[in-house]
Structures are given as C-alpha cells and as structure tokens.
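Counting from 75, one number per residue, gives the positions in the sequence shown under this note's numbering.
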Amino acid sequence: MKRKLAFGDVSPNLEGKVVLVTGGTGSFGTAMVRRLLAEGSPRKVIVFSRDEQKHYQMQQTLDDPRLRYFVGDVRDKDRLRRAFEGVDVVFHSAAMKHVPLAEYNPIEAIRTNISGAENVIDAALERGVERVIALSTDKAVNPVNLYGATKLCMEKLFVAANSYRGASRGTSFAVVRYGNVVGSKGSVVPLFLAQREKGEITITDPRMTRFWISMDQALDLCLHAAAAGKGGEVFVPQIPATDLATLVEALAPECRKRIVGIRPGEKLHEALITADEARQVVDTGKVYVIEPSFPWWGGAHHEGSRVAEDFCYTSANAPHRPGVEELRDLLRSLGFLPAHCAA
Numbered sequence: 075m076k077r078k079l080a081f082g083d084v085s086p087n088l089e090g091k092v093v094l095v096t097g098g099t100g101s102f103g104t105a106m107v108r109r110l111l112a113e114g115s116p117r118k119v120i121v122f123s124r125d126e127q128k129h130y131q132m133q134q135t136l137d138d139p140r141l142r143y144f145v146g147d148v149r150d151k152d153r154l155r156r157a158f159e160g161v162d163v164v165f166h167s168a169a170m171k172h173v174p175l176a177e178y179n180p181i182e183a184i185r186t187n188i189s190g191a192e193n194v195i196d197a198a199l200e201r202g203v204e205r206v207i208a209l210s211t212d213k214a215v216n217p218v219n220l221y222g223a224t225k226l227c228m229e230k231l232f233v234a235a236n237s238y239r240g241a242s243r244g245t246s247f248a249v250v251r252y253g254n255v256v257g258s259k260g261s262v263v264p265l266f267l268a269q270r271e272k273g274e275i276t277i278t279d280p281r282m283t284r285f286w287i288s289m290d291q292a293l294d295l296c297l298h299a300a301a302a303g304k305g306g307e308v309f310v311p312q313i314p315a316t317d318l319a320t321l322v323e324a325l326a327p328e329c330r331k332r333i334v335g336i337r338p339g340e341k342l343h344e345a346l347i348t349a350d351e352a353r354q355v356v357d358t359g360k361v362y363v364i365e366p367s368f369p370w371w372g373g374a375h376h377e378g379s380r381v382a383e384d385f386c387y388t389s390a391n392a393p394h395r396p397g398v399e400e401l402r403d404l405l406r407s408l409g410f411l412p413a414h415c416a417a
C-alpha cells in the first residue's frame with residue numbers, strides 16, 4: 075500500500091520497476107536506496123557511483139538480492155548507456171556539492187555537474203527510461219558561486235530535455251530544488267556538534283539564514299515529483315528556514331561563539347524562487363511547482379493557485395521560522411540531540 079508523503083501525494087508505482095540512483099553511495103543516494111527497498115517493491119535497484127570504497131562499505135550494510143552495485147562516473151557516457159539498459163526510473167543525485175572545492179576546481183565541477191547531466195539525459199533518451207528526477211539546490215537561484223551556477227545549468231538542461239522526448243511519449247524529466255538537508259555530509263549541524271565538544275562554535279554571520287529539510291522529506295519530495303511530474307517542472311517544497319544564531323542557541327548555548335565572516339561564494343540569505351519565476355509558479359499546498367515555459371510539453375497545468383506576480387521565496391521571508399525549542403525538538407527527533415538534553 076502506498077503511504078502518504080510529506081508533500082501531499084502518494085509514492086509513484088515502482089512495483090516491478092528497475093530504478094537507478096546516480097550518486098547512489100552518497101548521503102541522499104544511500105537513503106533513497108534504503109527507502110526504495112523498504113517501500114517501493116522494485117524489481118531491481120542499481121547503485122551508480124564512482125567511489126569503489128563506498129560501494130564496498132554499502133555492501134557490508136545492505137544485503138538485498140535486488141541490489142546491483144555499478145561502479146561508474148556520470149562523466150562517462152558509455153558507462154551510463156550500459157547502466158541505463160532496462161532502467162525505468164532514474165534519480166540523479168551525483169554532483170560535486172562543496173562550494174569551496176568547486177570554486178578551487180571549477181573545470182571538475184563543470185565536467186561533473188553540467189557535462190554529467192548532459193550524459194544522463196542522453197543515456198536516458200537512448201535507453202528509453204520512463205522518468206528522470208534530478209536534484210537541485212537553492213544555490214542554483216541567482217547563483218553567486220560556481221557550484222550554484224553549474225546547478226542552474228543542470229536545471230536548464232533537464233527542463234529543456236523534454237523537448238527531445240516526443241510530443242506524447244518518451245522520457246519525462248523533472249527537477250526538485252530544496253535547501254540544506256539537516257545532518258547530511260558536510261552540513262553545518264555535524265560541524266557545530268563536533269565544535270561543541272571543543273567549547274567554541276565558529277559562525278560566519280549570525281544573521282545568515284538557510285532553508286532546512288530532513289532527509290526523509292527530501293526523499294518524499296523526489297518521490298512526489300516522480301508521481302506528479304508531467305515533464306519540465308521544478309518542484310520546490312514549502313519548508314522552514316532559520317538563522318545561524320538561533321541554530322547555535324538550539325545546539326550549543328553554553329559554547330563560545332566566534333564570528334569568522336561570510337566565506338567567498340556564500341550569500342547572507344538563500345532563495346528557492348525568484349520574482350522572475352513567479353509567473354510560472356503554482357502553489358499546490360505543500361509544494362510550489364514552477365511549470366515550464368513551453369506549453370507543448372504536456373499542456374495540463376498542476377492544480378492549485380497562482381502566486382502573486384511579485385512573489386519570491388527566500389530564507390529571509392520564509393513563513394515558518396522555528397524558534398530555539400522547536401529546533402531542539404526537530405534535532406532530537408532526527409537523533410542529533412539526546413532526548414534528555416536541553417541542548
């Protein structure tokens with residue numbers, strides 16, 4: 075039985091399907107693979123990743139006859155063609171994600187995040203994959219760093235890829251765009267918890283705000299997009315945002331705070347939807363859907379209300395701004411704070 079997702083839809087029907095996850099050994103990829111095996115009833119799940127060691131580690135903890143571990147890089151189109159043979163659904167999460175590393179290694183970020191996206195699209199079209207959902211980020215909106223710029227290009231490629239699928243059948247491509255995943259590798263919560271042990275927290279700017287989403291919610295959003303997508307949409311969840319000062323108070327109120335300043339390529343506030351995109355945005359209740367500008371891709375609009383022409387959605391104006399206690403409850407529920415601990 076399909077369960078209700080956090081964003082108001084049921085899971086796509088993946089029973090008997092072959093599902094492939096690029097970046098399948100990363101934080102999101104591992105969580106998605108576990109969710110698919112537990113709830114999706116797929117015939118086969120292919121873990122596609124270039125990191126041999128992570129494949130090995132994943133094999134030690136996930137023993138399921140439906141799993142296939144496919145070592146490969148999204149930069150390698152021939153390897154993708156081989157991996158996509160017989161695949162029905164693809165979740166594309168492989169990317170270079172760390173802002174400073176992308177700034178220092180720009181060509182590598184372009185090859186993975188842009189050329190890799192092109193390869194995924196070409197392989198999916200050639201192999202007749204039914205549906206591809208690509209993961210994006212708030213940093214793709216009005217980008218000020220290379221990572222965000224590559225993700226913006228990726229979004230444009232996946233939206234436009236629907237032009238090549240044919241008028242009424244073929245591969246459907248959609249994008250999900252969301253903020254920071256609480257506790258994912260390289261995110262600020264594990265960093266602050268590690269610094270708390272030393273008694274000092276480094277803060278870029280206490281006014282800085284960020285969107286937050288749990289891993290389960292990120293999975294729900296991707297599955298919602300796979301079920302509801304018609305082709306060419308960008309799905310944006312309605313999620314809370316908080317400032318760093320409140321987050322630090324929730325995690326480590328007793329620690330010293332040291333302000334280190336905003337790093338190159340960082341914004342004070344992030345955005346998930348700009349005013350320029352508002353003309354295409356439908357509010358479906360728990361998700362904003364940015365519909366494509368090309369009506370011949372499906373025609374049918376999503377049910378919901380149109381937002382105002384000057385609408386924008388940023389971490390500074392997000393309707394839900396949890397306070398310290400609510401944040402602590404969230405962090406406890408996700409296992410980052412013990413139930414008995416005030417902070």
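Idealized CB from N, CA, C, for every residue including glycine.
By the 10 Å Cβ neighbour count, where 16 or more other Cβ atoms means buried, how is Lys225 classified, buried or exposed? buried
| Within 10 angstroms of its Cβ, does Ile195 collect 16 or more other Cβ (buried), or is it exposed? | buried
Looking only at C-alpha atoms, which of Arg155, Glu159, Arg149 sits nearest to Asn187?
-> Arg149
Candidates Ala382, Val334, Gln312, Glu400: closest to Thr358 by CA position = Gln312
*Identity of the residue in Ile347, Thr276, Pro180 nearest Val215 by Cα*: Ile347
On the CB-based measure, 16 or more other CB atoms within 10 Å of its CB, does Asp317 come out buried or exposed? buried
Given a cut-off of 8 angstroms on the beta-carbon distance, is the pair Ala292 and Val255 in contact?
Between Ala292 and Val255, the CB-CB gap stays under 8 angstroms.
### Query
Going straight from the alpha carbon of Asp279 to that of Glu365, what length do you get?
Distance between the alpha carbons of Asp279 and Glu365 is about 35 angstroms.
Out of Ser367, Lys91, Ser258, Glu126, state which residue places its alpha-carbon closest to the alpha-carbon of Asp162. Lys91
Distance, Cα to Cα, Phe144 vs Ala191? 18 angstroms
task = Kindly confirm or deny that the stretch 337-355 and the stretch 294-305 touch, where touching means at least three C-beta pairs closer than 8 angstroms.
result = no
Please name the residue in Arg353, Met289, Gly103 whose C-alpha comes closest to that of Val164. Gly103
inquiry  = Quick check: Pro396 and Leu404, are their CB atoms within less than 8 angstroms of each other?
reply    = yes
Counting only the same chain and skipping the five closest in sequence on each side, list residues whose C-beta sits under 8 angstroms from that of Met75. Unreliable positioning characterises Met75 in this predicted model, as indicated by a pLDDT of 45, which lies under 50. The coordinate reading is nonetheless provided below. Contacts found: none.
Locate the beta strand (DSSP E) running through Asp357, then write down its first and last residues. 355-357
Quiz item: Got a sec? Which residues, its chain only, sit under 7 angstroms from Leu220 by beta carbon, not counting five neighbours each side?
Solution: Ala176, Glu177, Pro180, Ala183
Val334 and Ile275 - do their beta-carbons sit closer together than 8 angstroms?
no
Note down, in chain order, each residue of its chain lying with its Cβ closer than 6 angstroms to the Cβ of Ser389, except the 5 sequence neighbours on either side. Thr283, Arg284, Phe285, Ala315, His343, Glu344
*Decide if Asn87 is buried, meaning its Cβ has at least 16 other Cβ atoms within 10 Å, or exposed.*
exposed
### Query
The beta strand (DSSP E) spanning Glu400 covers which residue range?
It is not in any beta strand (DSSP E) - Glu400 instead sits in the alpha helix (DSSP H) that spans 398-407.
Alpha carbon to alpha carbon, how far is Gly253 from Ile287? Give it in angstroms, no decimals.
7 angstroms
* To do: Determine the contact status of Ala168 and Thr245, defining contact as a CB-CB distance below 8 angstroms.
  => no
Practice item. Figure out for me which residue from Thr99, Phe81, Ala235, Val308 has the closest Cα to the Cα of Val119. Key: Thr99
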